[in-house]
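Letter by letter, the sequence shown follows residues 2 to 390 in the working numbering.
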Amino acid sequence: GIPWEGALSTCVVTGVLMLLLAITGLSDLIMSLIPRTIKSATVVGMGLLLSFIGMQTIDVVVASGDDSLVKLGPLDHWEVWLSLLGLLLLATLTYHHIKGAVLIGIFALTMVIWQSENSWPEQLLNFPNLSKSKGIFEASLSFDLISKNYIPGILAFLSVGVFDVSGVMFACSRLANLQDRETGETPGGKWAFIATAMGTIVAAMLGCSPIIIHLESVAGIKEGGRTGLTACVIGFWFLVSVFFAPLFGDIPVYATAPVLLLIGSMMMGEASEINWRSMYEAVPAFLTLAMMPLTFSIPNGIFFGTVAHAILYVTTGEFFTWVKGKCFSGSISRIDSLEEATRLTSSADELEPQKVKEKTASFFGVLPYERSPSLLLRQDEFEAELKIH
2 GIPWEGALST CVVTGVLMLL LAITGLSDLI MSLIPRTIKS ATVVGMGLLL SFIGMQTIDV
62 VVASGDDSLV KLGPLDHWEV WLSLLGLLLL ATLTYHHIKG AVLIGIFALT MVIWQSENSW
122 PEQLLNFPNL SKSKGIFEAS LSFDLISKNY IPGILAFLSV GVFDVSGVMF ACSRLANLQD
182 RETGETPGGK WAFIATAMGT IVAAMLGCSP IIIHLESVAG IKEGGRTGLT ACVIGFWFLV
242 SVFFAPLFGD IPVYATAPVL LLIGSMMMGE ASEINWRSMY EAVPAFLTLA MMPLTFSIPN
302 GIFFGTVAHA ILYVTTGEFF TWVKGKCFSG SISRIDSLEE ATRLTSSADE LEPQKVKEKT
362 ASFFGVLPYE RSPSLLLRQD EFEAELKIH
């Protein structure tokens, strides 16, 4: 029951609210509340989501029409096998550190398909139709239409935008080695929110839905992109590509899908950063990475993982451990296992008393301990044990 003019105005309001979140620092606060294990799982989940999209695109995975939901697609189309061979080509070029491996792969597969099917583009250039741009711009500013009925839509756009941007930023900064490994923070992350907010406002004025930073940016990171100059160059070429829309629109999906599969495989390595021995970390991480491809949503994965992490923070006793460390004198040292504690206390002559490193605040004011099972010892008690032995 919402007119299209009101929908565009909703997008403008969403962009303004996101801009306020970025300027006031609330966006950084939201990102800091997301546990580090969820951030690592987000990278893996996005890789699975990209791979799922790629496999759907070339019909390797299709809807089953029954309770199993999906199944293996028909493999009697030569384009499917060509696309899979393209994945191996990309992997080989990447292995040998060939610059432009992604473009080489896409170009080669496109030429083969166009030649085989004789489906060469019939039109190369096309100029955008700007005749309705004035009306769309005026409609996007129809704030008089906004009422309480629009609040759910605004909140939905805002929450999806914030969590989408957070998740993509975690993944891209991690792969670009720009993320602080200790705190999980991304330097300059505020500007990603500002860019998204301003882009959403401009997009709405041009008749588009809210925009975010896209996970496909990983393809550029893989080729060496690390700075804002990369984004500026890409933005320029995207502007130029508007006039070549017919040409780029004719590029077969079988030529581009292997890139998604390659990037997805590269993102799986982040799973090694998750401590799978600890249910406190493993369960929230699993929910995060599983919900993303299964629900086709990045925010859903982050939400389920973060809520599970918060609950387990209490039920596993980590919260009470933190309280104990805050309320009683002496710091708390965690030894990963009884065997490790025994080894340390039995070799006191060879070891200096170990000091406990200060933990960095992350979630609920403390960085969750990384391993379980554990043996908790007060630092002064630990040093006393060393002296006895």
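The C-beta atom is built at its ideal place from N, Cα and C for all residues, glycine as well. If you're wondering where the values come from, they're calculated on a predicted model, not measured in any experiment.
Reference residue i, options the options, closest by Cα
i	options	result
A283	H310, L146, W79 and N119	H310
E118	G154, L94, I252 and G229	I252
A157	L295, V324, F305 and T11	T11
S167	F249, L34, G318 and K149	L34
A196	G226, M170, L176 and A258	M170
T1	K191, V234 and L88	An answer regarding residue 1 cannot be provided, because it is not within the stretch 2 to 390 covered by the chain.
G189	M19, T322 and A23	A23
L86	I299, R278 and G106	G106
L50	E319, V308, P300 and V315	P300
I3	M293, A256 and G154	G154
L179	K149, G225 and P211	G225
T257	G302, T187 and I114	I114
M292	I31, L30, F53 and M32	F53
I31	E319, I312 and T307	T307
M269	N127, L176, S69 and L126	L176
E186	P36, Q57, W323 and L313	P36
S298	D165, S174, I212 and G318	D165
E80	G101, H98 and Q116	Q116
L295	Q57, F239 and K133	Q57
C209	L20, S134 and S174	S134
Backbone secondary structure at residue i - three-state DSSP
i	result
A23	helix
A177	coil
Q355	A caution first: Q355 carries a pLDDT of 44, below 50, which makes its placement in the model too unreliable to give a value.
K100	coil
T11	helix
V166	helix
L313	helix
K325	helix
F72	The amino acid at residue 72 is misidentified as Phe; the sequence shows Lys. Of the three classes helix, strand and coil, the one that applies to K72 here is strand, per DSSP.
V61	coil
T228	coil
C209	coil
I39	helix
E6	helix
D29	helix
M214	One point to set straight first is that residue 214 is Ile, not Met, in the sequence displayed. Three-state DSSP puts I214 in coil, outside helix and strand.
I252	coil
E80	helix
G87	helix
T187	coil
K360	Here the model assigns K360 a pLDDT of 41, short of 50, so the residue's position is not dependable and the matter cannot be decided.
Cβ neighbours of residue i in the same chain (closer than 6 Å, five flanking residues each side left out)
i	result
A272	V45
V13	S141, I202 and A205
Q124	P247
K72	S65
L9	A140, S141 and A205
T317	Y281
8 Å Cβ cutoff met for residue i and residue j
i	j	result
A193	S41	no
M267	K327	no
G16	M280	no
G7	L142	no
V62	G48	no
G55	G250	no
L207	L18	no
A172	V219	yes
F305	L288	yes
L216	L88	no
S1	V163	There is simply no residue 1 to check, as the chain begins at 2 and stops at 390 in what is shown.
T231	G221	yes
I59	V260	no
I214	I39	no
L110	L83	yes
F245	L126	yes
Sequence-distant residues of its chain with Cβ nearer than 8 Å to residue i (five each side left out)
i	result
W5	A140
V243	P129
L70	A64
Cut-off 7 Å between Cβ atoms - residues of its own chain near residue i, not counting five sequence neighbours on either side
i	result
F138	M206
W277	A283
P396	Nothing can be reported for residue 396: it is not among the residues displayed for the chain, which extend from 2 to 390.
E274	S41
G136	none
A92	L263
I235	G221
heavy atom of the ligand ADP below 7 Å from residue i C-beta
i	result
S65	Here there are no bound small molecules, and the ligand ADP is not part of this structure.
Q. Which ranges does the beta strand (DSSP E) cover as unbroken runs of at least 3 residues, wholly within the region 259–298, from first to last along the chain?
A. If we require 3 residues or more, the region 259–298 turns out to have no beta strand (DSSP E) run fully inside it.
Q | Complete runs of the alpha helix (DSSP H) confined to the region 113–168 [at least 4 residues] | A | Runs of the alpha helix (DSSP H) inside the region 113–168: 134–141.
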